[in-house]
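Enquirer: Got a structure for you, written out below as structure tokens; questions coming shortly.
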Amino acid sequence: MEFDIKLKDYPVVNVSWVDAIKFCNNLSEMLTLEKCYTLNSVSEKITVDVSKNGFRLPTDGEWQFACRGGEKGYRYGDIDEIAWFEENSNGRLHQVKTKKSNNFGLFDMIGNVWEWCCNHRGIPFEEIEEDASRPINFEYEYAIRGGSFLCHCSYCNRYRVAARNGALWDSTSSHLGFRCVRNVGGR
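Take any residue in the sequence shown, count from 1 to its spot, add 1303: that is its number in the numbering used here.
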């Protein structure tokens, strides 16, 4: 049997939260943008400055706004048309852009892979921006959003754009990835 799989067409998975923020910093540096994350190996502290113009992980609130795609409803479309989940994924990861995008042109915001967020899980919504700028606490879980190809349809359907969970900073999984963001108006 022969496979013609182009890995660039699939979400990046098996990356920890720290791997994801290092990627964001490296991409920012490569494009001569300001790095959002400061990693201090001596004190083992990581801080993020969401006002910088480089790449970073979205806050929980930014992720939810992007997922809604300007819609006010539970989802931005019929669940079978927009998401890979347990009942339609055949238990495996799928190529991106094979389902319908939201009104912002974003694909796979629900299902396929969970996505890391910048802030801790369980932080009250009004404190998310402040939490994202605090030194990293490795004892807390970080927010992950969107569900994955292993989630039951009722989970993606019932929780819609609000589907959230958490994972420790060093967790990796075949159904956990990330999405980079930048501030609007960054150079």
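The beta carbon of each residue, even a glycine, is placed where N, CA and C say it ideally should be.
Any idea what DSSP makes of residue 1351, helix, strand or coil?
Expert: In the sequence shown, counting from the first residue as 1, residue 1351 sits at position 48. Correct three-state label for residue 1351: strand.
Enquirer: Does the beta-carbon distance from residue 1374 to residue 1415 come in below 8 Å?
Expert: Taking the first residue of the sequence shown as 1, we reach residue 1374 at position 71. Taking the first residue of the sequence shown as 1, we reach residue 1415 at position 112. Taking 8 Å as the Cβ cut-off, residue 1374 and residue 1415 do not qualify as a contacting pair.
Enquirer: Going by CA-CA distance only, name the one from 1393, 1390, 1411 that's closest to residue 1481.
Expert: By one-based count along the sequence shown, residue 1481 stands at place 178. For the residues 1393, 1390, 1411, the minimum Cα distance to residue 1481 belongs to 1411.
Enquirer: Quick one, are the C-beta atoms of residue 1358 and residue 1319 less than 8 Å apart?
Expert: Here residue 1358 corresponds to residue number 55 of the sequence shown, with the count starting at 1. Here residue 1319 corresponds to residue number 16 of the sequence shown, with the count starting at 1. Taking 8 Å as the Cβ cut-off, residue 1358 and residue 1319 do not qualify as a contacting pair.
Enquirer: Any idea what DSSP makes of residue 1487, helix, strand or coil?
Expert: Position 184 of the sequence shown holds residue 1487. Correct three-state label for residue 1487: coil.
Enquirer: On a CA-only basis, which of 1323, 1380, 1350, 1417 is nearest residue 1467? Give me that one, please.
Expert: Sequence index remark: in the sequence shown, residue 1467 carries index 164 (1-based). Cα-wise, what sits closest to residue 1467 is 1417.
Enquirer: With a threshold of 6 Å on Cβ separation, who are the neighbours of residue 1443 within its own chain once the five nearest residues in sequence on each side are excluded?
Expert: Taking the first residue of the sequence shown as 1, we reach residue 1443 at position 140. Excluding sequence neighbours, residue 1443 sits near 1423.
Enquirer: Between the beta-carbon of residue 1315 and the beta-carbon of residue 1478, is there less than 8 Å?
Expert: Position 12 of the sequence shown, counting from 1, holds the residue named residue 1315. Position 175 of the sequence shown, counting from 1, holds the residue named residue 1478. For residue 1315 and residue 1478, no; Cβs fall outside 8 Å.
Enquirer: Compute the Euclidean distance between the alpha carbons of residue 1322 and residue 1328, then round it to the nearest angstrom.
Expert: As a position in the sequence shown, residue 1322 is number 19, starting the count at 1. As a position in the sequence shown, residue 1328 is number 25, starting the count at 1. Distance between the alpha carbons of residue 1322 and residue 1328: 10 Å.
Enquirer: Give me, in chain order, the residues of the same chain whose beta-carbon lies closer than 7 Å to that of residue 1475; leave out the 5 immediate sequence neighbours on both sides.
Expert: For the purposes of this step, residue 1475 is taken as residue 172 along the sequence shown, with counting starting at 1. Excluding residues within five positions, the ones whose Cβ falls inside 7 Å are 1317, 1318, 1319.
Enquirer: Would you kindly work out how many angstroms separate the C-alpha atoms of residue 1452 and residue 1473, rounded to a whole number?
Expert: Residue numbering aside, residue 1452 sits at position 149 when the sequence shown is read from its first letter. Residue numbering aside, residue 1473 sits at position 170 when the sequence shown is read from its first letter. Distance between the alpha carbons of residue 1452 and residue 1473 is about 21 Å.
Enquirer: Given this structure, state the Cα-to-Cα distance separating residue 1363 from residue 1356, to the nearest angstrom.
Expert: Against the sequence shown, residue 1363 aligns to sequence position 60. Against the sequence shown, residue 1356 aligns to sequence position 53. Straight-line Cα distance between these residues: approximately 18 Å.
Enquirer: Tell me the start and end of each unbroken alpha helix (DSSP H) in the segment 1313-1377 that is at least 4 residues and wholly inside, in chain order.
Expert: 1320-1333, 1363-1371
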